[in-house]
Each structure stands twice: as structure tokens, then as C-alpha cells.
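In full-length UniProt numbering, the protein residues as written are 1 to 204. Ideal Cβ placement from N, Cα and C applies to all residues, glycine included. Values in this document were obtained by computation on a predicted structure and should not be read as measured data. Right, one structure below, let's go through it.
In C-alpha cells:
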């Protein structure tokens, strides 16, 4: 009885550590929790060391796995840099018209506007509305200048947009009435106009 009481006092003096180890042993050996296991201080120290070793082994395994992932990631980046360098050299050695080489990089999170600008945008939402759709344009009035050439002087177009619309309206009306008809492909502005006496006149 004295020996059992002494062992119980030693186990209780170790506090939470002894109860944790005893609970772990009871779960691993299948012993019911209602049957406490009394351990000596040496046995408790051994089991605590085993638990710490298992935790260290787990941490070391995670560190090793992260190290391997970092090595693989670095190798992929190096291969990607080598591919980009090879593609850059190829583009420099074999230039093709209409092909351009650009560098694109992620800029991270979008930049935030200052509170002053946000207040103005919120106050006038109709003025800062995002554009949607495509602007309807019939003709793009762009003139490409050859490098080294002189800029054209004088009027580039023979008529203003309003005059061109009026001409198209009149031509459409005359064609619908049958007074004139196209005699050549549409890219050539030549028409045959019926005249009195049964002959036709070429109108440009």
C-alpha cells in the first residue's frame, strides 16, 4: 500500500504531463479511461521525449518537402528564363513584319485612387462612365505616312463629309429611279446616263 501511495504521489506531482502521457497510453493500448495507468517519472520522461521526437520528425518532414518544392519551382523558373531568352534571340535573328516582342509582367493589386478623386468620381458618375461597345465608324480617315516622305499639302479629300453624304443620297435616288445605272465595277465612279434621242452619255 505504501509503494502504491508513493507512486500515486509521484504521478500527481508531475501534473498535466503525466495525465497526457497516461491518456495517450490508454488510447494506444485500448485500456479504458476508468482504469488509470500509474507511471514512474522515468517512464513519463521517456514518453515525453518520444512525443517531442515525433513532432520534430514531422516538422523536419514539412521543411524538407517545402525545400524540395522550392528547388522544383526555381528549376522551372530557370527553364522558363532560358526559353524566353532563346525566343528573344530567335526573334532578333529572324525578324518578321507585323510581329512584335513585348514583355508582360503582373503588376499585383490595382492601384487605389485617392479619396479626393474618388469623391469627384462619385459626385459626377455620368461624366466618368466607362465606355461600352464599339464606336460606329464607316471610314477610318487615317493616312499612313511613309518614313522620310513629306507631309501632303492642301486638301486631302475632294469634299467634306456632308458633301459626300449628299452625293451618295442623290446617286442612290437616281439609281432607284432608273435614270442612271452603273456600267463598270463599283470601285470606278462611272455611270451611263440616258439621253434623248436614244444615246447614252458617260458620266464621271
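Secondary structure note for residue 41: its alpha helix (DSSP H) is the uninterrupted segment 41-93.
By the criterion of a C-beta distance shorter than 8 Å, residue 168 is surrounded by no residue of its chain, once the five residues flanking it on both sides are discounted.
Rounded to whole angstroms, the gap between the alpha carbons of residue 60 and residue 53 is 10 Å. Assignment of residue 171 by DSSP, reduced to helix, strand and coil, places it in the helix class.
Look at residue 161 here: in three-state DSSP terms it is helix. Annotated three-state conformation of residue 117 is helix, per DSSP. Pairing residue 115 with residue 126, the inter-Cα distance amounts to about 19 Å. In this structure, the CA atom of residue 68 is about 14 Å from the CA atom of residue 77. When rounded, the separation of the alpha-carbon atoms in residue 65 and residue 58 is 11 Å.
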